[in-house]
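This report concerns only the one structure given below.
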Amino acid sequence: MNLSDYISSLSNTTSTIFEGMAVTFSHLFREPITVQYPDKTVRPVVDMLPARYRGFLEVQMDICTGCKRCEKSCPIDVIAIDLVKDAETKKQVMGRFDIDLGKCMFCGLCVEACADESTGAIRHTREFEAATTNLDAFVFRFIPEGTQPLYRAPKDKSTVPVGEYGPHARAARERALRDNPTTLDALRALQAKAAEEVVEAKAAEAPEAVVEAKPAEAVVEAKPAPEPPVPDATS
Ligand code: SF4
Ligand code: SF4
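For my numbering, count along the sequence shown from 1 and bump the result up by 2.
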């Protein structure tokens with residue numbers, strides 16, 4: 003490289019550095035286009051999400067018929083519904099409606115089943131915030147205590163009194179955070195116990211596998227012990 007090329011390259015490098023820094027410094031005097039979440043948003047983020055956002059599921063219990071279509075349509079058993087007979091009225095009522103949102107994949111199959119064939123009691127909301135260290139806090143219980151009478155759906159589905167989306171999910175989330183006390187350690191202990199039970203059940207189902215294993219163990223045990231070293235005759 004001759005001297006003129008060297009000076010030209012130096013000048014080019016210097017000017018491009020200043021061009022880049024000019025762009026960077028210009029941002030010091032512009033209004034930021036980002037906002038800090040969640041304190042400085044103009045409106046709550048939940049209100050800015052699209053209406054069809056698939057957030058937490060909720061159940062409007064006063065329009066739930068107890069048909070269990072949602073439970074049956076869930077491919078991974080996230081929903082648990084118990085129907086029981088009321089001791090006084092002898093009528094069928096609902097004793098449990100739990101959704102384990104820690105397992106849910108938000109596919110919407112339960113929502114579709116309910117909307118198409120029942121009253122639309124179960125639906126996605128725009129609620130999404132529930133940071134917690136406790137997995138049990140994702141089990142939303144829509145019947146916190148007692149039982150819930152079943153709704154008798156009218157023939158004309160347009161007359162079903164569908165209410166606002168969101169308050170049932172928010173209430174269930176508050177209850178779950180407050181009332182579901184199992185810690186991760188306790189859950190791990192439960193899982194370890196369940197795994198042990200599976201192993202025991204398998205052993206009980208196929209005892210011959212255990213019996214066959216015994217001779218092999220016996221062979222290992224029957225191996226002759228290594229001979230002691232022969233003492234050196236010269237010493
Ligand atoms: S009415 Fe809807 S939410 Fe209630 S059990 Fe039937 S499908 Fe599920
Ligand atoms: S959204 Fe999908 S995974 Fe979640 S409860 Fe409904 S059917 Fe099950």
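Just so it is clear, CB atoms sit at the ideal spot from N, CA and C, and this is done for glycine as well.
Below 8 Å, enough C-beta pairs join the stretch 64 to 78 and the stretch 150 to 167 to call them touching: three or more. Within a 10 Å sphere around the beta-carbon of ARG128 sit 16 or more other beta-carbons, which makes this residue buried. The C-alpha of ALA82 is placed about 29 Å away from the C-alpha of GLU207. Assignment of PRO34 by DSSP, reduced to helix, strand and coil, places it in the coil class. If you look at GLU60, you'll find it in the beta strand (DSSP E) that goes 59 to 61. Between ALA173 and PHE58, the C-beta spacing is not below 9 Å.
In this structure, LYS74 is the residue among ARG32, LYS74, ARG175 with its C-alpha nearest to the C-alpha of ASP84. Within the model, the alpha-carbon separation for ILE124 versus VAL61 is close to 4 Å. Around the beta carbon of LEU30, fewer than 16 other beta carbons sit within 10 angstroms, so the residue counts as exposed.
Assignment of LEU5 by DSSP, reduced to helix, strand and coil, places it in the helix class.
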